[in-house]
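J.:
2 protein chains.
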Amino acid sequence: MPKTVAERADILPVLGEVFREHGFEGASLSLIGARTGLGKGSLYHFFPGGKEDMAVAVLTEIEAWFATRIFKPLREDANAARAIADMLRAVEEYFKSGQRVCLVGALALNDSRDQFAPRIRGYFAAWTEALESALIRAGHGPKKARGRAEETLATIQGALVLGRALHDPAVFPRILARLKKRLVGD
Amino acid sequence: MPKTVAERADILPVLGEVFREHGFEGASLSLIGARTGLGKGSLYHFFPGGKEDMAVAVLTEIEAWFATRIFKPLREDANAARAIADMLRAVEEYFKSGQRVCLVGALALNDSRDQFAPRIRGYFAAWTEALESALIRAGHGPKKARGRAEETLATIQGALVLGRALHDPAVFPRILARLKKRLVGD
DNA sequence: GTCTATAGAGTGATAGAC
DNA sequence: GTCTATCACTCTATAGAC
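Protein chains in written order, with the working numbering: chain C, 4 to 189; chain D, 4 to 189.
(1) For chain D, find out if any of its Cβ atoms is closer than 8 Å to the Cβ of Thr63/C; answer yes or no.
(2) Return the CA-CA distance between Ala137/D and Pro145/D, expressed in angstroms with no decimal places.
(3) Measure the CB-CB distance between Ala133/C and Leu62/C and report whether it falls below 8 Å.
(4) Please classify Phe50/C: is it buried, with 16 or more other beta-carbons within 10 angstroms of its beta-carbon, or exposed?
(5) From Ile178/C, Val174/C, Ser33/C, Arg122/C, pick the residue whose C-alpha is nearest to that of Ile65/C; which is it?
(6) Taking only the alpha-carbon atoms, compute the straight-line gap between Leu38/C and Glu55/D and give it to the nearest angstrom.
(7) Which residue spans inside the stretch 35-88 of chain C form an unbroken alpha helix (DSSP H) run of at least 4?
(8) For Val187/D and Met57/D, I'd like the C-alpha separation in whole angstroms.
(9) How close, in whole Å, do the beta carbons of Ala86/C and Arg72/C come, if the pair is a contact with beta carbons under 8 Å?
(10) Can at least three beta-carbon pairs, one atom from the stretch 141-156 of chain C and one from the stretch 93-104 of chain C, be found at a separation below 8 Å?
(11) Mind checking if Met4/D is an interface residue toward chain C, Cβ cutoff 8 Å exclusive?
(12) Would you report the Cα separation of Leu41/D and Asp13/D, rounded to the nearest angstrom?
(13) Which residues in chain D have a C-beta closer than 8 Å to the C-beta of His170/C? List them in chain order.
(14) On the DSSP letters alone, give me the boundaries of the alpha helix (DSSP H) that Pro121/D sits inside.
(15) According to DSSP, is Glu10/C helix, strand or coil?
(16) Report the rounded CA-to-CA distance for Met4/D versus Leu112/C, giving the unit in angstroms.
(17) I'd like to know if the stretch 174-189 of chain C and the stretch 8-27 of chain D are in contact, where contact means that at least 3 CB-CB pairs between them fall below 8 Å.
(18) Judging by CA-CA distance, which residue of Ala30/D, Ala148/D, Arg23/D, Glu135/D is the nearest neighbour of Phe74/D?
(19) Tell me whether Val104/D sits in a helix, a strand or coil according to DSSP, three-state version.
(20) Between Gly150/D and chain C, is there a C-beta pair that is closer than 8 Å?
(21) Using only the alpha-carbon positions, how far apart do Ile2/D and Met90/C sit?
(22) Check this for me: beta carbons of Phe175/C and Tyr126/C, under 8 Å apart or not?
(23) Thinking Phe27/D and Arg116/D are a contact (beta carbons under 8 Å), I'd like their distance in whole angstroms, please.
(24) On the three-state DSSP scale, how would you describe Asp189/C?
(25) Between the Cα of Phe143/C and the Cα atoms of Ser33/C, His48/C, Ala83/C, which residue gives the shortest distance?
(26) Taking just the CA atoms, how far does Gly36/C sit from Gly44/C?
(27) Taking only beta-carbon atoms, is Glu96/D less than 8 Å away from chain C?
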């Protein structure tokens with residue numbers, strides 16, 4: 004008896020975790036089926052394009068989350084320094100202190116799947132620009148803000164890699180704390 | 004007519020590139036066969052343990068390269084500031100200005116393959132310690148050196164992710180230049 | 001004859017597509 | 001749940017160096 008009522012939106016978070024944990028290639032349909040509790044039929048009903056379709060849907064959801072929770076405040080908050088500190092806090096929570104990997108970053112390293120490239124680029128471009136805007140408003144000097152934004156994003160991504168590699172849950176929060184000091188003082 | 008004489012060491016660089024470009028899961032044996040020009044017989048002759056064996060061999064070669072070219076000078080060069088600058092230069096060249104990905108970092112993000120974990124951790128631990136040592140000798144203060152080494156490695160790894168994501172070959176060299184300024188002045 | 005490097009047909013299992 | 005392609009891997013059979 005089918006019809007347990009699932010919605011596309013309900014399974015996106017699960018899909019995201021599976022892709023994060025196993026990568027795109029490593030996330031097999033049977034694994035996805037097991038984790039979502041859905042048969043292949045349902046999966047192809049929700050995502051006619053198969054696995055790539057699923058990954059694109061997950062990326063779209065991630066983009067939307069970051070756009071409203073991170074990029075928008077960075078661009079619009081009157082208190083730019085606070086927006087930057089909030090970003091670092093949100094990032095620490097989102098990536099569960101480094102226990103959770105950045106799916107967009109992980110896909111960037113393993114491309115060869117060109118379909119994801121524009122979304123991956125868009126995510127990091129939007130983040131860089133939003134942070135640059137906040138840095139300028141926080142008094143960082145328009146000339147230096149761009150480079151600092153770029154370096155900050157690199158450090159966040161790399162901190163996820165390093166924390167994971169060293170199996171040390173203290174690494175990610177520690178590096179974020181250093182970033183905070185440098186960007187907004189304290 | 005067999006016997007064209009290949010050696011294990013000769014195909015390691017090719018294997019490294021295939022794993023870098025496609026990831027561990029994405030590097031199929033047929034792809035590996037095509038890229039190395041070797042049949043399965045030869046591949047399994049050199050690497051009886053199959054794909055994992057190949058990846059371990061590549062990681063071992065990478066470790067050795069970094070140990071002699073990067074870690075040793077960092078620990079031993081009497082001129083520590085020069086050793087750090089040399090490290091940044093070597094890294095820029097090794098990763099081909101960001102066009103080439105760090106296999107160790109990429110594997111760290113996609114683990115679930117626990118066999119690689121100790122090697123991955125060893126690589127980053129050795130790098131962190133060597134850089135910390137050089138920073139201390141360059142006058143960075145023992146208390147701060149550790150954190151700076153950690154953050155530097157994260158920034159390098161993240162710069163690879165970001166450069167790749169943005170498809171901008173200028174990103175990686177630009178971030179390395181900022182690192183150099185901060186670490187050894189200029 | 002033995003050892004090393006080779007090729008590739010053939011194995012069962014499992015992948016993703018539908 | 002059925003399909004076909006492809007997966008990692010095994011095995012037998014080679015040729016040439018010693």
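Here a beta-carbon is modelled for each residue, glycine too, at the ideal position from N, C-alpha and C.
T.: Put simply:
(1) no
(2) 10 Å
(3) no
(4) buried
(5) Arg122/C
(6) The sequence given here places Arg at residue 38/C; Leu does not occur at that position. If I take the Cα positions, the gap works out to 26 Å.
(7) 43-49, 54-69, 75-79
(8) 38 Å
(9) Between Arg72/C and Ala86/C the Cβ distance is about 11 Å, and since that is not below 8 Å, they are no contact.
(10) no
(11) Here the model assigns Met4/D a pLDDT of 47, short of 50, so the residue's position is not dependable, and the following value carries that caveat. Chain C, which has no Cβ nearer than 8 Å to the Cβ of Met4/D, makes this no.
(12) 12 Å
(13) Ala120, Arg124
(14) 120-140
(15) coil
(16) With a pLDDT of only 47 at Met4/D, under the threshold of 50, the placement of this residue in the model should not be trusted; the figure read from the coordinates follows. Taking the straight line from one Cα to the other gives about 40 Å.
(17) no
(18) Glu135/D
(19) coil
(20) yes
(21) Not covered by the structure: residue 2/D. The range shown for chain D is 4 to 189.
(22) no
(23) 7 Å
(24) coil
(25) Correcting the residue type first, residue 143/C is His in the shown sequence and not Phe. Considering only alpha carbons, the answer is Ala83/C.
(26) 10 Å
(27) no
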